[in-house]
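Protein chains in written order, with this note's numbering: chain A, 489 to 918; chain B, 253 to 489. Note that the Cβ used here is the ideal one computed from N, Cα and C, for glycine as well. Report on the following structure.
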């Protein structure tokens, strides 16, 4: 038992003891004891009153007290001071949070489970026109009324949603709804007008440039073609003309790849779900190469005849580019093996060649646009540097994965795995 | 009238029903706004596909009108609302009618835009129509925001803006007559432009109506068919 209580009990004993003695001395023990108790009670009540006042808060200097009471008061004062300091700390924290969210460029809005606005920062007023005086507690879709947003709020499918700006201009807003806590949502709204504009400009530029360049190239190619067929052409011009033809061919190929990549890039519309006969496709591509001389033999190992669901031209790019690469980088004595088979994760297509291989440190980079392992070697062999970038992109939009293994001087193995969802079991066609 | 007074009910679910009704009106408004934007896009981009799409989507707006109407009738029958709540129901029923009509006008614009997309476009690419359309778009947006916040000042501003819109329509109308007289081969196209302008002007009128209901809802004063000056003094009082 703490010291102050012992001293208090001792005090009470002495106090009552005194009154008992007085009672014994002057008759009326009962009354003396009674008055002693009453006096003690009054004293205690007075101290309680002071304590009550002190607890209520505000400045109250208590009268001098003894042991137990003095310590109680000290405790109360400590509590009050702590509470005051804590409040100051919280206020300062709140102020700092307000300032930082005020400086935020993007709008942040806290919504409860019923999509009612709990709080928003000043940027929300700027971007969406929310009024801090009147709009707290109202549903967010009373102000952002776009039908897509309403659907998104109740069932956020994708991460970001882009809707036209509500401030009347031709801007675009990107909205992201993030759930947190028990059932609250944080809506982040960003002005993406510039980004959308930039994206559109970029796409238009690539599309326009490619198309514009095509026509002059066709003309040049046409004349070069005529020149090579011309018997009267002086001999010393033959080689230059052939070289020009090769270069024109290369430019056409690059343009074609660029346009294809641009189309894949824009990827606005979801890819179609065409049913594509892969076996036929592979056979067709292999056949195209078998006509050419001085190239390695292409062998096919087709273990399944399932179809794939996706975009036919994109799928064609994948298979064509992979086989074409193998052909290009494998000497005529080499071997190329294409395999198409069902596996656990889905269906797999692989191209194994005994060609010149890829240096290990460059394997991770070869799917970059315009990246060439050795500019000298692939330019000779007629590459644009875009083939694998196209393959990678086309695989991505089909949800497929690419794996590359290679050893310099020995050869390479390119493997792509298409997910089960894309497999269409082949049904006998009449 | 304070918005909070709408919320003093013994039964909390009645409160939620009214909130739900208010929210559905604004959802319908959002749909109408989007329809309008699409119709406008069809006009400026000469995209007949989008124009025809607007016609198909008008069905959704009509369905919403029926649904909200039914809900309002149900509330009237089962809750027998009074004062502010009754005004809300009345204003809702009137507002959705005007919203549905805006949807119809947008559908007309979509159809006209689809037709205009197939003929030669003037050098200005219908600049006057686009200008008029921008003002009308602001009116629709303003009237819905006023409904959402019961913002009487905003409602008054929109009502004022309708005068501008009417004047613009007049000038397009006169211009059209001149074009038709100058070159009778253009009559078909110019007629379509005039119908589009008329549809836009009608949308402006419907937005103005919605604002009048908002003022009624907020102040309990029926200000339809009032002169603008009277309107302002009535409301300020």
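For residue 668(A), the enclosing beta strand (DSSP E) has its first and last residue at 660-668.
Runs of beta strand (DSSP E) with 3 or more residues, each lying fully within the segment 715-785 of chain A, are found at 762-764, listed in chain order. Judged by DSSP secondary structure, residue 675(A) falls within the beta strand (DSSP E) whose first and last residues are 672-679. When DSSP states are grouped into helix, strand and coil, residue 896(A) belongs to the coil group. Nearest to residue 789(A) by C-alpha distance, out of 604(A), 781(A), 836(A), is 836(A).
In this structure, residue 802(A) sits away from residue 892(A), with a CB-CB distance that is not shorter than 8 Å. In the DSSP assignment, residue 349(B) falls within the alpha helix (DSSP H) that extends over 335-368. Annotation for residue 887(A): no alpha helix (DSSP H) segment contains it, and DSSP assigns it neither H nor E. In chain order, 626, 630, 631 make up the part of chain A whose C-beta sits under 8 Å from the C-beta of residue 400(B). Collapsing the DSSP output to three states places residue 801(A) in a helix. Closer than 9 Å at the C-beta level to chain A, one finds these residues of the segment 382-415 of chain B: 386, 389, 390, 393, 396, 397, 399, 400, 401, 402, 403. Taking a cut-off of 8 Å for Cβ pairs, the segment 360-378 of chain B and the segment 295-305 of chain B touch, as three or more such pairs fall below it.
When 9 Å is used as the limit between beta carbons, residue 622(A) is near these residues of chain B: 255, 401, 402, 403, in chain order. Three or more beta-carbon pairs separated by less than 8 Å are not found between the segment 712-720 of chain A and the segment 696-703 of chain A, which leaves the two stretches without contact. The beta-carbon separation of residue 619(A) and residue 676(A), rounded to 20 Å, does not stay under the 8 Å limit for a contact. Only 275, 278, 279, 281, 282, 283, 285, 286 from the segment 260-287 of chain B bring a Cβ to less than 7 Å from some Cβ of chain A. The beta carbon of residue 418(B) does not come within 8 Å of any beta carbon belonging to chain A, so the residue lies off that interface.
Within the DSSP secondary-structure output, residue 846(A) pairs in no beta bridge. Setting aside the 5 residues that flank it on each side, residue 608(A) is surrounded in the same chain by 597, 618, each with a C-beta closer than 6 Å to its C-beta; the list follows chain order.
Counting only residues of its own chain and dropping the five nearest sequence neighbours on each side, residue 673(A) has a CB closer than 6 Å to the CB of 599, 665, 667. From the listed residues 490(A), 905(A), 738(A), 839(A), the smallest Cα separation to residue 796(A) is found for 905(A). Put simply, of 414(B), 345(B), 415(B), 445(B) the residue whose alpha carbon is nearest the alpha carbon of residue 427(B) is 445(B). DSSP places residue 838(A) in no alpha helix (DSSP H) but in the uninterrupted beta strand (DSSP E) bounded by 834-841. Contact with chain A is absent for residue 337(B), since none of that chain's Cβ atoms lies less than 8 Å from the residue's Cβ.
With a threshold of 8 Å between beta carbons, residue 310(B) makes no contact with chain A. Contact between the segment 457-464 of chain B and the segment 388-404 of chain B is present: 3 or more CB-CB pairs across the two stretches fall below 8 Å. Looking at the DSSP output, residue 789(A) sits in a beta bridge with 827(A). Counting C-beta atoms within 10 angstroms of its own C-beta, residue 493(A) has fewer than 16 neighbours from the protein chains shown and is therefore classed as exposed. In the DSSP assignment, residue 604(A) forms a beta bridge with 627(A). Straight across, the Cα-Cα distance linking residue 830(A) with residue 792(A) is about 7 Å. Closest option to residue 613(A), judged by alpha-carbon separation, among 691(A), 591(A), 746(A), 603(A): 591(A). In the structure shown, residue 650(A) adopts extended strand secondary structure according to DSSP, grouped into three states. With respect to residue 351(B), residue 456(B) sits apart: the two C-beta atoms are not nearer than 8 Å. From the beta-carbon of residue 289(B), the residues of chain A found nearer than 8 Å are 652. Taken residue by residue, none of the segment 748-773 of chain A has a beta-carbon sitting less than 8 Å from a beta-carbon on chain B. According to the DSSP assignment, residue 599(A) belongs to the beta strand (DSSP E) that extends over 595-599.
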